[in-house]
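From first to last, the protein sequence lines stand for chains P and Z.
Sequential numbering of the first sequence, starting at 1, is according to my numbering.
Sequential numbering of the second sequence, starting at 117, is according to my numbering.
Presented below is the structure to which this report refers.
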Amino acid sequence: NAGVMQNPRHLVRRRGQEARLRCSPMKGHSHVYWYRQLPEEGLKFMVYLQKENIIDESGMPKERFSAEFPKEGPSILRIQQVVRGDSAAYFCASSPSGHSAGNEQFFGPGTRLTVL
Amino acid sequence: AQSVTQPDIHITVSEGASLELRCNYSYGATPYLFWYVQSPGQGLQLLLKYFSGDTLVQGIKGFEAEFKRSQSSFNLRKPSVHWSDAAEYFCAVGNNAGNMLTFGGGTRLMVKP
C-alpha cells in the first residue's frame, strides 16, 4: 500500500509564475490536509478537504492560494503569481476519516518550492 | 485556540545518553497529542500518539511519552539515544473535529559520538 505521494518533490518558479502542487492520498483515504513549513519553523495548517469539498480553509492566505480535491485525481494546491515569501516546503497528509477525533494523519514527503 | 510550545530549539546529547524533549500544549478539552520525527529533506513520521487511557504511551524506535494533564505537557523520552535519532522532532495537538493538527516549532536533536 503506497503512502501519500506528492509531486513534484522540488519546484522552482520565478516571481509571478504559477505553482501547482499535487498530492495523492493513501489508498482508502478520503481526507486531505495541506500544511506549509517555512524555513526553520514548524508546520502550519492551510486547508482540509474531502472529495469535492473544502471543509476548512482557515489557514489559507486570502489571495493567490487555492486548493481542490476533485472526484477523480489528486488534490491540487495552486499558488498564483508566486512571490519569494512563498518559498517553503508544502506537505500533504491524508487520513481515512477526519471526523473520528484524533485520527492519525499520514504525511507525504513534501514539495519544496523555491521562488527565484 | 489550540497551541503547542516546544521550549528547546536545539538539543545535543551523547550517543547512549537518555533524552527528554519537552512539549507543552494549550487546548480547552481533552487533547489528542502526537509526536512526529522529520529527517532532513523528508516528510514526517509518526512516533506515537495519545488519545485517552494510559498516560504513558509507547511508540516506535524505543520512544515513549507521558501525558500530564496537570502540567499540560506531553514530553518525549528515550532511555538511550542512537546516532540515527538525529532529526527534528515535532509535537502536535489535534482538535476534536479531527480536521487539523497544530504543531510546535520543533526541536532539532543532534547526537554526539
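Virtual Cβ for every residue (Gly too), placed ideally from N, Cα, C.
Since this is a predicted model, take the numbers as computed values, not measurements.
Judged by their CB atoms, residue 32 of chain P and residue 75 of chain P are nearer to each other than the 7 Å cut-off. Against chain Z, the beta carbon of residue 109 of chain P has neighbours under 9 Å at 157, 158 and 159, listed in chain order. Taking 7 Å as the threshold, the shortest C-beta distance from residue 43 of chain P to chain Z falls below it. The C-alpha of residue 169 of chain Z lies about 15 Å from the C-alpha of residue 186 of chain Z. Contact fails between the region 46-63 of chain P and the region 18-27 of chain P, because fewer than three Cβ pairs, one in each stretch, are under 8 Å apart.
Per DSSP, reduced to three states, the secondary structure at residue 201 of chain Z is helical.
Beta-bridge partners assigned by DSSP to residue 66 of chain P: P:78. Annotation for residue 83 of chain P: no beta strand (DSSP E) segment contains it, and DSSP assigns it neither H nor E.
Nearest CB-CB separation between residue 226 of chain Z and chain P: not below the 7 Å threshold. Under the Cβ criterion of 7 Å, residue 48 of chain P is counted among the residues facing chain Z. At a cut-off of 7 Å between beta carbons, residue 220 of chain Z contacts chain P. Within the same chain, and ignoring the five residues on either side of residue 114 of chain P in sequence, the residues whose Cβ sits closer than 6 Å to its Cβ are 12 and 87.
Between residue 89 of chain P and residue 112 of chain P, the beta carbon gap of about 5 Å places them in contact (Cβ cut-off 8 Å). In the structure shown, residue 9 of chain P falls within a coil segment according to DSSP collapsed to helix, strand and coil.
By the neighbour-count criterion, in which a residue is buried when 16 or more other Cβ atoms sit within 10 angstroms of its Cβ, residue 24 of chain P is buried.
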